[in-house]
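J.:
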RNA sequence: GGUACCGUGGCCGAGUGGCUAGGCAGAGGUCUGCAAAACCUCCUACAGCAGUUCGAAUCUGCUCGGUACCUCCA
């Protein structure tokens with residue numbers, strides 16, 4: 001079997017993945033800022049890293065997956081009036097800051113559950129780690145790479161760059177940054193434009209504030225991730241993930257902070273997902289094209305022609321490689337919806353097939369060798385594709401090639417449908433592994449109540465009787481009226497009747 | 001302005017030198033009381049120009065077009 005290769009944003013190359021501690025992986029992913037509702041764009045990293053998390057576990061690693069909750073807020077515009085994003089909106093909404101934090105944290109967790117994302121091993125909050133952040137800042141000052149001005153502390157990027165390669169991750173040149181960074185007001189506290197805040201003095205109206213050696217204030221944006229990743233994963237850990245837009249300045253600054261404190265590069269593999277765009281533009285507040293997840297699920301947004309289910313969105317995201325941009329459109333989502341439905345119907349049928357009761361090959365079974373080999377090949381390639389930088393798009397392409405094979409077995413009502421029992425068993429087990437365990441897809445109508453099921457059994461049996469005596473009027477009446485109620489009946493080839501809730 | 005990246009058939013999207021990606025839509029067919037579904041077949045593209053090569057969507061150069069980051073951002 002091939003070995004796992006991941007694209008490392010730091011080296012800009014695919015590298016063989018070797019964990020620091022054999023059998024274990026430490027993974028840190030930048031989590032949400034809980035000052036508002038999550039939108040479609042936020043779904044991408046969480047789905048992407050959920051699949052990576054699942055796949056690493058499948059490979060046998062014991063993974064510690066840390067994803068933070070940013071509940072302390074940062075400044076809206078660094079250098080200008082430092083305003084805590086969270087406290088600012090809290091005033092508008094007339095909420096206690098922590099009440100709002102709780103509300104959006106709950107909403108975020110709900111959304112993650114909808115997407116069938118596994119919870120991380122540890123989900124630390126920024127406000128819960130003020131002590132660690134202050135400790136780290138003190139160390140950076142002691143090392144001579146930060147300075148205090150009027151109760152605020154800044155990281156000295158220029159000095160750091162003299163002995164370290166600040167800008168390597170994001171492809172930036174410090175000299176250029178020094179000259180081209182935009183002119184912002186109130187930069188006078190900083191020695192250089194490139195410096196970033198580790199701690200900001202809180203103005204009097206600021207609600208969220210903590211005592212520190214430099215007076216009352218709040219932590220800078222980047223320090224929380226450095227503090228929490230170090231605490232839970234160590235001075236050096238395997239994977240750090242997040243959206244590409246976090247490369248600069250967030251992750252670049254994280255490297256600088258952690259390197260000064262821990263004397264080692266903090267991260268071995270940087271993994272960044274690309275953006276979701278709408279009409280070719282990145283989804284973001286400044287573009288006014290944000291679709292919140294609640295709107296996406298309800299269809300209540302001018303851009304949306306209809307509601308899209310969480311699994312449709314998850315599937316939509318996984319059809320594209322995580323490092324490509326993914327363009328949202330109603331057409332694309334509806335295509336994903338239909339494709340997913342076809343996939344899941346075939347898969348759920350296969351899951352119930354009593355493969356283990358079938359006789360082994362050679363017992364009068366006709367095996368189509370060509371088909372058998374093709375299937376075995378398609379199945380075998382799945383690991384290769386995942387090992388090649390988590391290529392879920394290719395995995396899904398192969399799975400879709402297996403769908404007609406499954407449906408043929410179903411239609412012909414043949415035990416093996418030309419496949420050897422060995423291949424059939426492999427097909428069943430690998431489809432479960434990939435569809436459910438690794439890609440994390442699940443049927444959305446599976447959770448129908450037992451009572452509905454028994455009602456449907458009655459209706460279906462009546463309809464079968466009507467059909468047997470060619471009473472098409474009764475037969476059609478049952479089907480049509482159920483269709484109006486949103487339940488679709490399908491007459492299968494073998495005389496069975498299946499149903500799905502629309 | 002600086003730095004990256006991208007431009008694939010009606011739509012979405014894999015794919016880094018030669019071999020059908022895949023999904024959705026569309027056309028034809030099989031099956032079926034009808035319908036739906038399913039299955040089979042077809043539609044075979046790579047922004048433009050020039051170059052490297054036996055051979056390029058894939059490498060090089062230029063042109064055009066687009067996006068992202070440089071400020072909070074997934």
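Numbering (the UniProt record's numbering), first residue to last: 1 to 502. Note that CB positions come from ideal geometry on N, CA and C, so glycine has one too. Source: prediction; values computed, not measured.
#1: Pop quiz: residue 151 and residue 217 are said to be a contact at Cβ under 8 Å. What is the actual Cβ separation, rounded to whole angstroms?
#2: Does the separation of the CB atoms of residue 68 and residue 30 fall below 9 Å?
#3: Does DSSP classify residue 11 as helix, strand or coil?
#4: Measure the CB-CB distance between residue 314 and residue 47 and report whether it falls below 9 Å.
#5: On the criterion of 16 or more Cβ atoms from any shown chain inside 10 Å, does residue 156 qualify as buried, or is it exposed?
#6: Tell me the rounded alpha-carbon separation between residue 452 and residue 469.
#7: Helix, strand or coil: how does DSSP classify residue 196 here?
#8: By how many angstroms is the C-alpha of residue 126 removed from the C-alpha of residue 250?
#9: Distance check for residue 498 and residue 491, CA to CA, integer angstroms please.
#10: Could you give the C-beta distance for residue 390 and residue 51, rounded to a whole number, given that I count them as a contact under 8 Å?
#11: Going by C-alpha distance, which of 70, 424, 213, 143 is nearest residue 98?
#12: Relative to the C-alpha of residue 442, which candidate in 424, 346, 474 has its C-alpha closest?
#13: Would you decide whether residue 434 is buried or exposed? Buried here means 16 or more other CB atoms lie within 10 Å of its CB.
#14: So, for residue 44: in the same chain, excluding its five sequence neighbours on each side, which residues have a beta-carbon less than 6 Å away from its beta-carbon?
#15: Count the other CB atoms within 10 Å of the CB of residue 257; is the residue buried (16 or more) or exposed (fewer)?
#16: Starting from residue 47, trace the beta strand (DSSP E) both ways and give me its first and last residue.
#17: DSSP has residue 467 in a bridge; who is on the other side?
#18: Take the Cβ of residue 195 as the centre, count every other Cβ of all protein chains shown within 10 Å, and call the residue buried at 16 or more, exposed below.
#19: For residue 12, count the other beta carbons within 10 Å of its own beta carbon; 16 or more makes it buried, fewer makes it exposed. Which is it?
#20: Does DSSP put residue 76 in a helix, in a strand, or in coil?
#21: Put residue 118 into one of helix, strand or coil per three-state DSSP.
#22: Could you check what DSSP says for residue 5 in three-state terms: helix, strand or coil?
#23: Shortest alpha-carbon distance to residue 193 belongs to which of 383, 174, 210?
#24: May I have the straight-line CA-CA distance separating residue 321 from residue 393, to the nearest angstrom?
#25: Which two residues bound the contiguous beta strand (DSSP E) that contains residue 472?
#26: If we call anything under 9 Å between Cβ atoms a contact, is residue 189 one with residue 222?
#27: Leaving aside the five residues before and after residue 539 along the sequence, list all residues of the same chain whose C-beta is less than 6 Å from its C-beta, in chain order.
#28: Give the range of the alpha helix (DSSP H) segment to which residue 134 is assigned.
#29: Helix, strand or coil for residue 308? Go by DSSP, reduced to three states.
#30: Does the count of Cβ pairs from the region 257 to 271 and the region 287 to 298 closer than 8 Å reach three?
#31: So residue 368 and residue 493 are in contact, right, with Cβ under 8 Å, and what is the actual spacing, rounded?
#32: Opposite residue 148 in the DSSP bridges: which residues?
#33: Using a Cβ distance threshold of 8 Å, determine whether the region 228 to 241 contacts the region 127 to 139, with at least three qualifying pairs required.
#34: Could you pull the DSSP bridge partners for residue 399 from this structure?
#35: Between residue 271 and residue 19, is the Cβ-Cβ spacing less than 9 Å?
#36: Our contact map puts residue 371 next to residue 419 with C-beta atoms below 8 Å; I'd like the distance itself, whole angstroms only.
T.: Let me lay it out:
#1: 6 Å
#2: yes
#3: In the structure shown, residue 11 sits in coil (DSSP, three-state: anything other than H, G, I, E or B).
#4: Closer than 9 Å, so yes.
#5: By the Cβ-count criterion, residue 156 is buried, with 16 or more other Cβ atoms from all chains shown falling within 10 Å of its own Cβ.
#6: 26 Å
#7: strand
#8: 15 Å
#9: Rounded to the nearest angstrom, the two C-alpha atoms are 7 Å apart.
#10: The pair is a contact, with the Cβ atoms about 7 Å apart (cut-off 8 Å).
#11: Cα-wise, what sits closest to residue 98 is 70.
#12: 346
#13: buried
#14: Result list for residue 44: 273, 276, 317, in chain order.
#15: buried
#16: Taken as a continuous stretch (DSSP letters only), residue 47 belongs to no beta strand (DSSP E), being part of the alpha helix (DSSP H) at 40 to 58.
#17: For residue 467, which the question treats as bridged, DSSP gives no partner whatsoever.
#18: buried
#19: exposed
#20: Confidence in residue 76 is poor, its pLDDT being 39 and thus under 50, which makes the residue's placement too unreliable to answer from.
#21: coil
#22: strand
#23: The option with the nearest alpha carbon to residue 193 is 174.
#24: 6 Å
#25: Where residue 472 is concerned, there is no enclosing beta strand (DSSP E), although the alpha helix (DSSP H) it sits in stretches over 472 to 484.
#26: Cβ distance not < 9 Å, so residue 189 and residue 222 don't count as in contact.
#27: Past the boundaries of the shown model lies residue 539; the chain is included only from 1 to 502, so the question cannot be answered.
#28: 130 to 142
#29: Secondary structure at residue 308: coil, using DSSP grouped into helix, strand and coil.
#30: no
#31: Incorrect: roughly 19 Å between the Cβ atoms, too far for contact.
#32: 153
#33: yes
#34: For residue 399, which the question treats as bridged, DSSP gives no partner whatsoever.
#35: Judged by their CB atoms, residue 271 and residue 19 are not nearer to each other than the 9 Å cut-off.
#36: 7 Å
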